[in-house]
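Asks: Here it is, the structure, as structure tokens.
Number of protein chains: 2
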Amino acid sequence: MAATLHDVARVAGVSFKTVSNVINNHPHVRDTTRAKVEKAIAELDYRPNLTARSLRSGHTGAVTLALPQLSLPYFAELADAVIEAAAKHGLVVLIEQTGADRKRELEVMASPRLKMSDGLIFSPLALGQEDADLIKADVPIVLLGERIFGSTSDHVTMQNVPAARAATEHLLDLGRKRIAVVGAHEGEVIGSAGLRLRGYKEALEGRGIPYDDGIVAYVVDWHRSNGAAAMHDLLDRGASFDAVFGLNDTLAQGAVRVLQEAGFRVPGDVAVIGFDDLDETRYTLPTLSTVDPGRSEIAETAIRMLLERIKEPAGTPPREVETAFRVVPRESTVGSAAAGSHPSPTGQ
Amino acid sequence: MAATLHDVARVAGVSFKTVSNVINNHPHVRDTTRAKVEKAIAELDYRPNLTARSLRSGHTGAVTLALPQLSLPYFAELADAVIEAAAKHGLVVLIEQTGADRKRELEVMASPRLKMSDGLIFSPLALGQEDADLIKADVPIVLLGERIFGSTSDHVTMQNVPAARAATEHLLDLGRKRIAVVGAHEGEVIGSAGLRLRGYKEALEGRGIPYDDGIVAYVVDWHRSNGAAAMHDLLDRGASFDAVFGLNDTLAQGAVRVLQEAGFRVPGDVAVIGFDDLDETRYTLPTLSTVDPGRSEIAETAIRMLLERIKEPAGTPPREVETAFRVVPRESTVGSAAAGSHPSPTGQ
DNA sequence: CGCCCAGTTTACAACGTTGAATCGACTCAA
DNA sequence: TTGAGTCGATTCAACGTTGTAAACTGGGCG
């Protein structure tokens, strides 16, 4: 059994409260006493029981991160960033996967388990604007993403509209005139898909190019296969385009694959840009141009806001923060330096 | 402030212990009393304080998962699987990223935070066989991976040698004779790289093919760019081969990319197989043949063993479990059905 | 020589929960 | 009618910690 304050106290010959005082750097502890206690702590390999400390102090040193699924690269990289940001503040992160299921997303906020952490960073995918009132829990919440605005929680979001506009303008600046969209959501206005489509439209409008629904491909989910399916769809309906804006990197990758299979050169025939700046976009063929939406800034801001809210729950009114973005041009729009010139393997 | 047992008791007009009994389905509670209490619970929206429960009961309902980094797809998918497996048992998962740093890996086991969970699932990347004695903590540990065998902890591992042998045999069965390896580790014997290389050698031996170090490319890390670098290396030294065994999928993807850039057709000129069955291998061009090492079985076994160990710490001696694997042939070795036959877009 | 005060240490209660032991009331059999 | 037994509910202690307040120590000063 692990040693407790009492065990240490017995060995050191002091009261257990003195041991507690030593551990918490209480000012009035005689040096000789401190030394005795520290010796006993080392001897017994004492480690404080954080559960007891939590019960007493009311906070746990953990935060919950609720997201759809870690096997989706965007969320894996988001989780990585959140864990790193939390670690800088001595916090540990507990991850809940909601599977983008509405019931699970509501459960996460209602679960007693949530109280095993001091706050919730919540990236919903099933809940939407109409559920803004349901965003509440026993701990402070920082909301991520674009599905819900104007709740009573703090909110960190990327600048979807301006970023998508910039991505589109990047393609226009390269002389592309007919920019297809892969990954729109039917009828959506306020989610990532809706906002990014709006940025796309704004960019066209800014250049006086009419919007053509005939080169916009709709999907249901932003999974890998859907980008491919959407591109198949575009090709099947005989759409004419010289560029593609994939509303996220995963979709863009699927689209690139189908384009290449169909015999198009990227970016020669069709330039492609994605959105998210996933790590893997640096290693595809061709490397994928994309938009860095400021993921680490999102994570750091979320942790910072959560900590402020934990310290001062009713302090300021709910805040909405938008992070800085950056267009990342790579081979899929601006082309590669040169094809490799390696000696041929003789085999087969 | 959240309601406690005492608050509920006051409202229901019973002692707080009776409320506790209702919550824990204690047998001897009159129906009328139960109803009164349940009404009060609903009225106050009472939720048990799990921290207090943990302190009293000695377990938390959480497990820690320590891994190098979530932005590495293999570990993201592992974490996904572990969280799902844990959820089936009502456990929640707390993730620690070690960054493959030796000091951090040791810290994870020594940290008092670990006691905020009931057990540790630990996938080390810096610690090695010589550190087997250091694998211990205040909670039960289940070790994952191939870096450490014979510690005092339970251990779940994939069948690296037979699986790598099967992957190699898959290439041999397709008539390939000169199989390059991408991702070997200099001098390593017991880690994933060493074991998979051994499986490769066994396969060659089984067919009477001599091992040729000239078509084995060494790397330091298994990051995406290293597969590309290793393939560049092979091409630069004029190696001759008709197939590639990437020791993991990420390396294989990098290798494929460089092969295609250099003008080789995959699998026409060079067949490529990876290892891990990452989700994304289903969506690359060509789709990547690989080995499914039994990730969900690893996760489920780890959780199950951990729970057994939590219940009965000193029960059985340490166990080593190997999960079932499966070669997954895809386009990068067996070729695609047919190139797409889509109408041409007229643009650009 | 005794008192006061600063410095140091300690006793006690509390955080919210559960297990063990206790207690009262009621039923049933002798 | 009484004792045993059962059901139902309560009291008490404990998990390991920290905050509050009280108690002790010694030295300086009147």
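Residue numbers (this note's numbering), protein chains in the order written: chain C, 11 to 358; chain D, 11 to 358. Quick reminder that beta carbons are idealized off the backbone N, C-alpha and C, glycines included. Predicted model only: the values in this text are computed from it and were never measured.
Looking at I51(D) and Q107(C), is the spacing between their C-beta atoms short of 7 Å?
Replies: Taking 7 Å as the Cβ cut-off, Q107(C) and I51(D) do not qualify as a contacting pair.
Asks: Could you check whether S342(C) and S299(C) sit closer than 7 Å to each other, using their CB atoms as the reference points?
Replies: Their beta carbons are under 7 Å apart, which means S299(C) touches S342(C) by this criterion.
Asks: Can you tell me which of G325(C), H180(C), K211(C) and F274(C) puts its alpha carbon nearest to the alpha carbon of R336(C)?
Replies: Selected option, being the one with the closest Cα: H180(C).
Asks: Kindly examine the ligand SAM and report whether one of its heavy atoms sits closer than 6 Å to the Cβ of I151(D).
Replies: Questions concerning the ligand SAM fall outside what the structure shown contains, since it holds no ligand whatsoever.
Asks: How about V344(D): is its C-beta nearer than 7 Å to some C-beta of chain C?
Replies: So no, V344(D) is outside the interface.
Asks: Taking buried to mean at least 16 other C-beta atoms within 10 Å of its own C-beta, is S202(D) buried or exposed?
Replies: Burial call: buried.
Asks: What do you get for V199(C), buried or exposed, if any count of 16 or more other CB atoms within 10 angstroms of its CB means buried?
Replies: Its Cβ having fewer than 16 others within 10 Å, V199(C) is exposed.
Asks: Return the first residue and the last residue of the beta strand (DSSP E) that A240(C) is part of.
Replies: From DSSP, A240(C) is part of no beta strand (DSSP E) but of the alpha helix (DSSP H) over R234 to D246.
Asks: DSSP state of T28(D), grouped into three classes?
Replies: T28(D): helix per DSSP, three-state reduction.
Asks: Starting from H165(C) and walking both ways along the beta strand (DSSP E), at which residues does that stretch end?
Replies: H165(C) -> beta strand (DSSP E) spans D164 to M168.
Asks: Helix, strand or coil for Y228(D), going by three-state DSSP, please let me know.
Replies: If DSSP states are grouped into helix, strand and coil, Y228(D) belongs with the strands.
Asks: Could you tell me whether the Cβ atoms of L80(D) and A190(C) are closer together than 7 Å?
Replies: Against a cut-off of 7 Å, the Cβ pair of A190(C) and L80(D) comes out as no contact.
Asks: At 7 Å on the CB atoms, spell out the chain C contacts of G264(D), in chain order.
Replies: Result: Y293.
Asks: Within the 7 Å Cβ cut-off, does I105(C) reach chain D?
Replies: Yes, because at least one Cβ of chain D sits closer than 7 Å to the Cβ of I105(C).
Asks: Considering just the uninterrupted stretch of the beta strand (DSSP E) at R336(C), what are its terminal residues?
Replies: Where R336(C) is concerned, the enclosing beta strand (DSSP E) stretches over R336 to V338.
Asks: Nearest to L244(D) by alpha carbon, out of P150(D), I105(D) and D222(D)?
Replies: Residue D222(D) is the option with its Cα nearest to L244(D).
Asks: Taking 8 Å as the cut-off, does the stretch 258-266 of chain D touch the stretch 229-240 of chain D (at least 3 CB pairs, one atom from each stretch)?
Replies: Output reads yes: the stretch 258-266 of chain D touches the stretch 229-240 of chain D.
Asks: Considering only their Cβ atoms, is the gap separating V171(D) from G209(D) smaller than 7 Å?
Replies: In contact: G209(D) and V171(D) (Cβ atoms closer than 7 Å).
Asks: Note the first and the last residue of the continuous beta strand (DSSP E) segment covering Q139(C).
Replies: Here Q139(C) belongs to no beta strand (DSSP E), and DSSP marks it neither H nor E.
Asks: Does the beta carbon of S127(C) come closer than 7 Å to any beta carbon on chain D?
Replies: It does not: the Cβ of S127(C) has no partner Cβ on chain D nearer than 7 Å.
Asks: Suppose the cutoff is 8 Å on Cβ atoms and the five residues either side in sequence are ignored; what does the same chain contact list for N258(D) look like?
Replies: Around N258(D): Y84, G193, S202, W232, G284, F285 and D286.
Asks: Just how far apart, CA to CA, sit M168(D) and D17(C)?
Replies: So the alpha carbons of these two residues sit roughly 43 Å apart.
Asks: Starting from the Cα of T178(C), find the closest Cα among L214(C), V152(C), V149(C) and E196(C) and give me that residue.
Replies: T178(C) has its Cα closest to that of L214(C), out of L214(C), V152(C), V149(C) and E196(C).
Asks: List the residues of chain D whose Cβ lies closer than 8 Å to the Cβ of T61(C), in chain order.
Replies: Those are T61, S64, L65, T70, K125 and M126, listed as they occur along chain D.
Asks: Between N34(C), R319(C), T297(C) and L153(C), which lies nearest to R63(C) when the distance is taken from Cα to Cα?
Replies: Comparing Cα-Cα distances from R63(C) to each of N34(C), R319(C), T297(C) and L153(C), the minimum goes to N34(C).
Asks: Tell me whether A249(D) is buried or exposed, calling it buried when 16 or more other Cβ atoms sit within 10 Å of its Cβ.
Replies: With 16 or more Cβ atoms within 10 Å of its Cβ, A249(D) is classed as buried.
Asks: List the residues that DSSP assigns as beta-bridge partners of G129(D).
Replies: G129(D) pairs with nothing; no bridge assigned.
Asks: Between the C-alpha atoms of A12(C) and D148(D), what's the straight-line distance to the nearest angstrom?
Replies: A12(C) and D148(D): Cα-Cα distance of roughly 7 Å.
Asks: In this structure, does DSSP put T70(D) in helix, strand or coil?
Replies: DSSP places T70(D) in coil when its eight states are reduced to three.
Asks: Could you tell me which chain C residues have their CB closer than 8 Å to the CB of E87(D), listed as they occur along the chain?
Replies: L80 and S81, listed in chain order.
Asks: Compare the C-beta of I93(D) against all C-beta atoms of chain C and say whether one is closer than 7 Å.
Replies: Yes, I93(D) counts as interfacial toward chain C.
Asks: For L60(C), which of H69(D), Y56(D) and F251(D) has the nearest alpha-carbon?
Replies: Nearest option by C-alpha distance: H69(D).
Asks: Counting contacts by CB-CB distance shorter than 7 Å, is R267(C) in contact with chain D?
Replies: R267(C) counts as touching chain D.
Asks: Starting from V266(D), follow its DSSP beta bridges and name the residues at the other end.
Replies: In the DSSP output, where bridge partners are listed per residue, V266(D) has none listed.
Asks: Taking only the alpha-carbon atoms, compute the straight-line gap between P176(D) and Q139(D) and give it to the nearest angstrom.
Replies: Note that residue 176(D) corresponds to Ala in the displayed sequence, not to Pro. For A176(D) and Q139(D), the distance between alpha carbons rounds to 26 Å.
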